[in-house]
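Colleague: The numbering used here applies: residue 225 is where the sequence shown begins, and numbers increase by one.
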Amino acid sequence: MNFCHYINKGLSITILMMVLMTACRTDDPHKGRIPLVGIDDTYLYKDEVDMMYAVNGNGEDSTAFADAYIEKWIVETLFYGKAQENVASDNEIERRVEMYRRNLILNDYQEKLVAQQLEPSLENSEIQDFYNSNKTMFDAEESLMKGYFLKVPSKSPRLNELRKWCIGKSAEDLEKIEKYCLTKDALFECFFEEWLPVATIAEKSSLTEYQLRERLLRKNTIEFKDDNYVYFISADTMILEGHCKPVEMVSGEIKELLLNSKMANFIKEKKRALYEEAMKDSSVVIYNEKKP
225 MNFCHYINKG
235 LSITILMMVL
245 MTACRTDDPH
255 KGRIPLVGID
265 DTYLYKDEVD
275 MMYAVNGNGE
285 DSTAFADAYI
295 EKWIVETLFY
305 GKAQENVASD
315 NEIERRVEMY
325 RRNLILNDYQ
335 EKLVAQQLEP
345 SLENSEIQDF
355 YNSNKTMFDA
365 EESLMKGYFL
375 KVPSKSPRLN
385 ELRKWCIGKS
395 AEDLEKIEKY
405 CLTKDALFEC
415 FFEEWLPVAT
425 IAEKSSLTEY
435 QLRERLLRKN
445 TIEFKDDNYV
455 YFISADTMIL
465 EGHCKPVEMV
475 SGEIKELLLN
485 SKMANFIKEK
495 KRALYEEAMK
505 DSSVVIYNEK
515 KP
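#1: Determine, using beta-carbon pairs with one atom in the segment 255-268 and one in the segment 291-303, whether at least three such pairs fall under 8 angstroms.
#2: Helix, strand or coil: which one does DSSP assign to residue 346?
#3: Would you identify the three-state DSSP class for residue 263, choosing helix, strand or coil?
#4: Grouping DSSP H, G and I as helix and E and B as strand, with all else coil, what is residue 449?
#5: Within a Cβ cutoff of 6 angstroms, which residues of the same chain sit near residue 397, ignoring the five residues on either side of it in sequence?
#6: Check the DSSP bridge columns for residue 459 and list the partner residues they point to.
#7: Measure from the alpha carbon of residue 470 to the alpha carbon of each residue in 313, 367, 342, then state which is nearest.
#8: Does DSSP put residue 438 in a helix, a strand or coil?
#9: Can you tell me which of the three DSSP states residue 277 falls into?
#10: Give me whichever residues DSSP pairs with residue 413 in a beta bridge.
#11: What does a CB cutoff of less than 6 angstroms around residue 430 pick up in its chain, not counting 5 residues either side in sequence?
#12: Roughly how many angstroms separate the alpha carbons of residue 353 and residue 475, rounded to a whole number?
#13: If you drop the 5 nearest sequence neighbours on each side, which residues of the same chain put their C-beta closer than 7 angstroms to that of residue 257?
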């Protein structure tokens, strides 16, 4: 390994070569481990580098990996030492660590309580009631539509037949359109079960979003063309920007909100029951100070 790269940099670093004799000394502070680099009383050992290479080496040259890892370890160790000199007191750090540990334990316990004792189910009526009472929460940010989009070359054969199928829109008609497009330089997309932004459909055509929306509002199935293509677009249903989305579109969002509310109330009730139980069996001793 190219350890010379780290020597004579004006740092309090001791670069320790791999000497097997070290492991044989009775007063060996490393307990048989082979140190590669040390900063004050902190050491990086060969077995640590070997382990990191085994996990993250991914076929990289072992010497190059070790050199890079050692340099990273030196930088991070030095930076950590500098941080220790310039941050809050050890007591403050310990307080923060304890608070973090406390929150981890509390969150883990809450998750177990919810998983074991709370039924994560909702009635459809609950979702509908929430939707009816909070419709302003679900206004559409952009105009949406369900329907189909068809684009075929302007010189395609049998356009009159295709036009009839597009107007009909029965399952049989749509199947005929799909078969027709298999042998043509055409694009056919059905989204009767999916809400798509009008802007997304407009991007596939020669119309702007505004032009497409206004034309579909006047007639739900339209036909137009440009120099190269004929377009057939149908809006089976449309929601304008600022209008409320249908409940089926936001039911997942509502379910998440209601379940989170149920979980919060469940934990609140558990805490209250624990408090009342502790007050009854005198587990809690309150010392009342005489206030001035």
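Just so you know, even glycine gets a beta-carbon here, dropped at the ideal spot from N, CA and C. If you're wondering where the values come from, they're calculated on a predicted model, not measured in any experiment.
Modeller: In terms of the structure at hand:
#1: yes
#2: Here residue 346 carries a coil assignment [DSSP, helix/strand/coil].
#3: Residue 263: strand per DSSP, three-state reduction.
#4: strand
#5: Once the five neighbours on either side are set aside, the close Cβ partners of residue 397 are 389.
#6: 371
#7: 367
#8: helix
#9: helix
#10: 373
#11: Exclusion of the five residues before and after residue 430 leaves 450 as the residues of its chain whose Cβ lies within less than 6 angstroms of its Cβ.
#12: 11 angstroms
#13: Around residue 257: 269, 271.
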